[in-house]
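Top line first, the protein sequences correspond to chains Z and V. For the first sequence, this note's numbering puts the final residue at 261, and the numbers step up evenly by one. For the second sequence, this note's numbering puts the final residue at 1265, and the numbers step up evenly by one. Working notes, structure below.
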Amino acid sequence: MGKLDGKVAAITGGTRSIGRGIADAFVREGASVVINGRDEAKGQTAIDEIGAPDRIAFYAGDAAKQATCEGIVDFAIERFGKLDIMVLNSGGVLNTAPVFMMSDEEWNLEIDWNLNHVFWGMRKSLQHMIERNEGGRILVTSSVEGKLGKPGIPGYAATKHAVNGLVKAAAHEVGTMGITVNAILPGIIETDIVRTTGPDSAIAMGVGSYDKLIEMFTSESAIKKPNTVEQVAAVAVMLASDAARNMTGCMFPVDGGTMPY
Amino acid sequence: MQRGIRMGDVEGRVAVISGGTRGIGRAIAEAIVREGGTVVMSGRDAAKGERAVAEMNAGDRVMFVQADAKVREDCERLIDIAVERYGHIDILCNNAGGSTGNAPVVDLTDEAMQDALVWNLWSTMWCTRRALHYMIPQQWGRIINTSSVEGKCGKPGLSIYVTAKHAVNGFTKSCAQEVGAMGITVNALCAGAIETDMMMDAGPPAAESMGMAYEDLLAWFAKDAATKRLCDVEDVALVAMLLCSEAGAGITGSLISIDGGTAPY
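Next comes the structure, spelled out in structure tokens:
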């Protein structure tokens, strides 16, 4: 018996990296899952790889757009009849830079991608969950940078801090309705996305190379190595389960001992 | 990618739980046994220990050691007995703790503060230090400290408990950094108020020290939570099992709130 038997989940950005790991784990635990991404081909590949064709669907769209964040909720309800678990996972940076070099375009993109996306998806999900009155789970993929603030990624740090505040406020709003709202704060994970954007980020952060970037993050942890997608997925399964009904407003760390609090 | 990691995978693991005969410790003990692990639990009362062993009905996979968490020799003996009996110790739950003689600081006795520090902090240090002697050579371990929402906050009239749990949280973070590269994680579970047997024993006098009725104390704790209710021992066991699993390898030095949304961080 799975921990999420009969549940319906939607995950923004679920075709690869952390979102994909969560999708794999949710399906394994018995849930039906809608994953999302911009690329139809990647979506189809993910569906084929995950298996369980009756319990997996792909919703194409850019998570930095309001229509996508709201549309995935409607799509999940239309496809599987309800939405129990919303994982607002998509996010990142495109052309990050120190504050004095940051473009308005990048700044706005990061706010839309990391913060507004969470707000849009959360609001739409809560409207469904509150009306349905059978509880719910909102999970947000935040970051250690939601508590820290590395140079060269000011937009990412600012938006992840903001997301953490949003999670705590929303948790108190719906705490008596059987709906929990939590954030997961991973440390550095060598995902596809990090491998793609890491080299440019390393330059923006002034550390020189991708390897140095990874080393900088891991050196700050107690375990002295990156975290893994599977570690985040295990926490997501736990927080999504019925058993976690009393965990809400939580900033759950998966960071190998990086953050001071 | 590694596939199929599940939380709660403790097959073959040996756990020591101080104060494991009832309350939070008992819930963790039952969860570990249910998931295939072996548990050595301690307590001061032999009769309660024997009853807990009988109720858990897990044969050779559960053992009780009569030991007082406030006594260093007992803490060290508890760890040694587990290793002698089962060959290794993989998981240590520093769960024993509490406080008596709660009072506003102006009226606080030295004895009450000393007792709270020994019960919560010194016992955690004694057991952890001893267990690390076994965990470091095997390069694997999970240390889980039962802390409290009061390890992050601070209610009036509970300063001895609040101080001791804050100290446990600091110890957790420091120890995690020391052994993080050795495959050993050290975390604290910051639970909200739970109406355990111990709460029912210690709650009324604590409430009195705070100038209120016991029911009002419980209501106060619930009011601070987003869920507006108390937590359960199973909530704490759920997170303990995640930390014990292989997937828990990436979580250390964490002060994890299990409090219905009470603590601000």
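C-beta: ideal position from N, C-alpha, C; glycine also.
Your pair Z/L4 and Z/S241 checks out as a contact, with CB atoms roughly 6 angstroms apart and the cut at 8 angstroms. Against chain V, a Cβ distance below 7 angstroms from Z/P253 picks out I1251, S1254.
Using a CB distance cut-off of 8 angstroms, V/E1234 counts as an interface residue toward chain Z.
Each residue's CA atom was taken as its position, placing V/A1067 and Z/A162 some 47 angstroms apart. Boundaries cannot be given for Z/V99, as no beta strand (DSSP E) includes it and DSSP labels it neither H nor E.
Within its own chain, the residues whose Cβ lies closer than 8 angstroms to the Cβ of Z/M122, once the five positions on either side in sequence are excluded, are M86, L88, I138, V140, L166, A170, V181, listed in chain order. Per DSSP, reduced to three states, the secondary structure at V/G1192 is coil, with no helix or strand assignment. Nearest CB-CB separation between Z/Q231 and chain V: below the 8 angstroms threshold. For V/Q1066, the three-state secondary structure derived from DSSP is strand. Only residues of its own chain outside the window of five on either side were considered, and among them S1147, G1151, A1188, L1255 have a CB closer than 6 angstroms to the CB of V/N1169, listed in chain order. Interface flag for V/Q1139 against chain Z is unset, since no Cβ pair is found closer than 8 angstroms. Secondary structure of V/I1143 (DSSP, three-state): strand. With fewer than 16 other Cβ atoms from the protein chains shown falling within 10 Å of its own Cβ, Z/Q127 counts as exposed. Spatial neighbours of Z/G92 in its own chain (CB-CB distance under 7 angstroms, excluding positions within 5 residues in sequence) are listed in chain order as W113, I193, T197. Judged by DSSP secondary structure, V/N1169 falls within the alpha helix (DSSP H) whose first and last residues are 1159-1179. Per DSSP, Z/N116 lies in no beta strand (DSSP E) and is assigned neither H nor E.
Per DSSP, reduced to three states, the secondary structure at V/N1094 is strand. Within the model, the alpha-carbon separation for V/A1047 versus V/G1101 is close to 26 angstroms.
Looking from the CA of Z/G136, the closest CA among Z/V254, Z/G21, Z/N246 belongs to Z/N246. Taking a contact to require three or more Cβ pairs closer than 8 angstroms, the stretch 1215-1232 of chain V and the stretch 1247-1264 of chain V qualify as touching. When DSSP states are grouped into helix, strand and coil, Z/Y59 belongs to the strand group. V/L1238 reaches chain Z at M238, A243, A244, counting residues in chain order whose Cβ is nearer than 7 angstroms.
Contact with chain V is found for Z/K224, since one of that chain's Cβ atoms lies less than 8 angstroms from the residue's Cβ. Across the set V/M1210, V/H1133, V/A1096, V/A1131, the C-alpha of V/M1210 shows the shortest separation from the C-alpha of V/A1103. Our two residues, V/A1027 and V/L1092, have alpha carbons roughly 14 angstroms apart in a direct line. Taking C-beta atoms as the reference points, Z/G13 and Z/G30 fail to come closer than 8 angstroms. Interface with chain V (8 angstroms Cβ-Cβ cutoff): Z/C69 is excluded. From the beta-carbon of Z/N227, the residues of chain V found nearer than 8 angstroms are G1250. Boundaries of the beta strand (DSSP E) around Z/M86: 85-88. Assignment of Z/P199 by DSSP, reduced to helix, strand and coil, places it in the helix class. Taken through DSSP and simplified to helix, strand or coil, Z/R137 comes out as strand. Per DSSP, reduced to three states, the secondary structure at Z/S17 is helical.
Counted as a single uninterrupted DSSP element, the stretch harbouring V/T1038 is not any alpha helix (DSSP H) but the beta strand (DSSP E) occupying residues 1038-1043. Chain Z has a Cβ within less than 8 angstroms of the Cβ of V/S1257.
Looking at the DSSP output, Z/I189 bridges to Z/N227. Assigned with DSSP and collapsed to three states, Z/G91 falls in coil, not helix or strand.
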